[in-house]
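Colleague: Questions regarding the structure given below will be posed in turn.
Numbering (mature numbering (1 follows the signal peptide of the UniProt record, and there is no 0)), first residue to last: -29 to -1, 1 to 154.
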């Protein structure tokens, strides 16, 4: 259970980072790059703070902070997730985590469904396309057994006919002797 939670949380974090990068890339790309300065020295708005990708804006204190890179998510001591902004000002970490979890779940479900459909579809199509080698081999063996059985029946019939002929039990009309029956 812990492994599943760890895997899920790492997937969520990776997805969150990916979405943040996408959101940042959709941001205002016409601005000129700002020379590197410490986040605490930026005193202005959220937009000014987030021009530097290593900064985090906290709405409760209206302070620009250095992003705590040792932690994937900023701890609540620094800023609550619902008030923390990184990348863009209009998305908080809490909403970003939920959105990325939903998107990740949808993507993983879609991939799982596609894999299942492809695997089951291929197996079903293979079965319905025609007999496979095993079925052909079994049919061939069945025919060989039937042929041998018919040959044995024919041999037995000829032997029985010879015995009947020898003892006069043959019911042919060309045979001069026949069994006498009392009416």
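Backbone N, C-alpha and C fix where the C-beta goes; we use that ideal spot for every residue, glycine too.
Between residue 67 and residue -11, how many whole angstroms is the CB-CB distance? I'm expecting something under 8 Å.
Modeller: The residue labelled residue 67 in the question sits at position 96 within the chain shown. The residue labelled residue -11 in the question sits at position 19 within the chain shown. Indeed they touch by this definition, with Cβ atoms about 6 Å apart.
Colleague: Considering only residues of the segment 47 to 77, which uninterrupted beta strand (DSSP E) runs meet the minimum length of 3 residues and lie entirely inside it, listed in chain order?
Modeller: For the segment 47 to 77, whole beta strand (DSSP E) runs of length 3 or above, ordered along the chain, are 55 to 57 and 59 to 63.
Colleague: Taking Cβ positions, are residue 21 and residue 45 nearer each other than 8 Å?
Modeller: For the purposes of this step, residue 21 is identified with residue 50 of the chain shown, where counting begins at 1. For the purposes of this step, residue 45 is identified with residue 74 of the chain shown, where counting begins at 1. Going by C-beta atoms, residue 21 is not nearer than 8 Å to residue 45.
Colleague: By a C-beta neighbour count over all protein chains shown, 10 Å radius and 16 as the cutoff for buried, is residue 56 buried or exposed?
Modeller: By 1-based counting over the chain shown, the position of residue 56 is 85. Label assigned to residue 56: buried.
Colleague: Looking at the strands, I want to know which residues DSSP matches up with residue 43.
Modeller: Mapped onto the chain shown, residue 43 falls at position 72. Paired residues: none, contrary to the question.
Colleague: Grab me the residues of residue 18's own chain with a C-beta within less than 7 Å of its C-beta, minus the 5 sequence neighbours each way, in chain order.
Modeller: Working through the chain shown from its first residue, we reach residue 18 at position 47. Result list for residue 18: 60, in chain order.
Colleague: Per the DSSP calculation, residue 35 is bridged to which residue(s)?
Modeller: On the chain shown, residue 35 is found 64 positions in, with the first residue counted as 1. Its beta-bridge partners are 28.
Colleague: Can you give the Cα-Cα distance for residue 117 and residue 90, rounded to whole angstroms?
Modeller: Translated into the one-based positions of the chain shown, residue 117 becomes position 146. Translated into the one-based positions of the chain shown, residue 90 becomes position 119. So the alpha carbons of these two residues sit roughly 38 Å apart.
Colleague: Under a Cβ-count criterion, where at least 16 other Cβ atoms within 10 Å of its own Cβ denotes burial, should residue 50 be classed as buried or exposed?
Modeller: On the chain shown, position 79 is the one that residue 50 refers to. Buried.
Colleague: Alpha carbon to alpha carbon, what distance is there between residue 86 and residue 69?
Modeller: Residue numbering aside, residue 69 sits at position 98 when the chain shown is read from its first letter. Residue numbering aside, residue 86 sits at position 115 when the chain shown is read from its first letter. When rounded, the distance between both Cα atoms is 26 Å.
Colleague: Whole angstroms are fine: how far does the CA of residue 11 sit from the CA of residue 34?
Modeller: Your numbering for residue 34 matches position 63 in the chain shown. Your numbering for residue 11 matches position 40 in the chain shown. Cα to Cα, the separation comes out at about 8 Å.
Colleague: So what's residue 112 in DSSP terms, helix, strand or just coil?
Modeller: Taking the first residue of the chain shown as position 1, residue 112 is located at position 141. Three-state DSSP puts residue 112 in a helix.
Colleague: If we ignore side chains and look at the alpha-carbon of each, how far apart do residue 75 and residue 65 end up?
Modeller: As a position in the chain shown, residue 75 is number 104, starting the count at 1. As a position in the chain shown, residue 65 is number 94, starting the count at 1. Rounded to the nearest angstrom, the two C-alpha atoms are 15 Å apart.
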